[in-house]
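Read the structure below first, then the notes.
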Amino acid sequence: MEKPKPTQNHEQEQRKTPEDYVVATFPADSDIAKCPLTAIRSGQDGKGVRYDGGWIPGDMLSVCDTDSEEGIGPIELFVKVHKPIKVNGGHVEAEKIVSLKKLQSREANKGFNESYIEDLYGKTPEEMIEEGKEAAEQIWRQKHPESDENESLAPEAGLEKAIEKA
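In terms of the working numbering, the sequence shown has 55 at position 56, counting the first letter as 1, and numbering is strictly consecutive.
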């Protein structure tokens, strides 16, 4: 694995996005992905939050932190959404990544349920989480080859191991 360059700023290292932790990607069937979703448009600090409709679901991303020496982090699913927006008389494709949990928590997205997700991606969220976990474990083993092959990579096991060492 390549080490960070000495000139690399620690602040830059902290600005990771969900895309930096993608362990598996599940493409959406574009023939089915016609149901627009509502997502947060602005106000990420909790102030001035506005929601915006018309976002079309794209790839489902299984996201997990595999950097820890103690094992993999929790697996979360995110949806890459996109929509055309008007800019200077033309259209530009806007794209964002939104937590599946946040999308499903909005009443406006009630149709984005497990059945629709299975039709759209060919897998249930549980199956995507399981495949993401397997991929994360494989990535973790590649990043940490010196670790005991028989160790459990679950986040809970990593925490327990850290407590034992203390």
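Glycine included, every Cβ here is placed at the ideal spot set by N, Cα and C.
Taking the continuous beta strand (DSSP E) assigned at residue 114, which residues delimit it?
Counting from 1 along the sequence shown, the entry for residue 114 is found at position 115. Element bounds for residue 114: not the beta strand (DSSP E) but the alpha helix (DSSP H), 113-120.
So residue 93 and residue 57 are supposed to be a Cβ contact under 8 Å. How far apart are they, rounded?
Within the sequence shown, numbered from 1, the residue matching residue 93 stands at position 94. Within the sequence shown, numbered from 1, the residue matching residue 57 stands at position 58. Taking 8 Å as the upper bound for CB-CB distance, residue 93 and residue 57 are not in contact here, some 12 Å apart.
With distances taken Cα to Cα, identify the nearest neighbour of residue 100 among 22, 130, 133, 78.
Along the sequence shown, read from residue 1 onward, the residue named residue 100 stands at position 101. Considering only alpha carbons, the answer is 78.
What are the start and end residues of the beta strand (DSSP E) that includes residue 71?
Position 72 of the sequence shown, counting from 1, holds the residue named residue 71. It is not in any beta strand (DSSP E) - residue 71 carries neither H nor E in the DSSP assignment.
Tell me residue 89's beta-bridge partners as DSSP assigns them.
Taking the first residue of the sequence shown as position 1, residue 89 is located at position 90. Per the DSSP secondary-structure output, residue 89 pairs in a beta bridge with 86.
What separation, rounded to the nearest whole angstrom, lies between the Cα atoms of residue 29 and residue 145?
The residue you call residue 29 lines up with position 30 of the sequence shown. The residue you call residue 145 lines up with position 146 of the sequence shown. Linking residue 29 to residue 145 through their CA atoms gives a straight-line distance of about 42 Å.
Outcome for residue 50 when other beta-carbon atoms lying within 10 angstroms are tallied against a minimum of 16:
Taking the sequence shown and counting its residues from 1, one reaches residue 50 at position 51. Exposed is the call here.
According to the neighbour-count rule (16 or more other Cβ atoms, all chains shown, within 10 Å of its Cβ), is residue 97 buried or exposed?
Taking the sequence shown and counting its residues from 1, one reaches residue 97 at position 98. Classification for residue 97: buried.
Around the Cβ of residue 163, are there at least 16 other Cβ atoms within 10 angstroms (buried) or fewer (exposed)?
Within the sequence shown, numbered from 1, the residue matching residue 163 stands at position 164. The predicted position of residue 163 is uncertain, since its pLDDT is 40 and thus under 50; no value can be drawn from it.
Let me confirm a value: residue 48 is counted as buried when at least 16 other C-beta atoms fall within 10 Å, else exposed. Which label applies?
The sequence position of residue 48 within the sequence shown is 49, counting from 1. Classification of residue 48: exposed, given that the 10 Å Cβ count is below 16.
I believe residue 76 touches residue 124 by the beta-carbon criterion, under 8 Å. Please report the beta-carbon distance rounded to the nearest angstrom.
For the purposes of this step, residue 76 is taken as residue 77 along the sequence shown, with counting starting at 1. For the purposes of this step, residue 124 is taken as residue 125 along the sequence shown, with counting starting at 1. 6 Å between Cβ atoms; contact.
Cα-Cα separation between residue 156 and residue 15, rounded to whole angstroms:
Position 157 of the sequence shown holds residue 156. Position 16 of the sequence shown holds residue 15. The pLDDT assigned to residue 156 is 47, lower than 50, so where the model puts this residue is not dependable; a value taken from the coordinates is nonetheless given after this. Taking the straight line joining both Cα atoms gives about 25 Å.
Could you tell me which residues DSSP puts in a beta bridge with residue 61?
Translated into positions along the sequence shown, residue 61 becomes position 62. Paired residue(s): 23, 76.
Identity of the residue in 35, 83, 25, 68 nearest residue 103 by Cα:
Within the sequence shown, the letter at position 104 stands for residue 103. The residue with the shortest Cα to Cα distance from residue 103 is 35.
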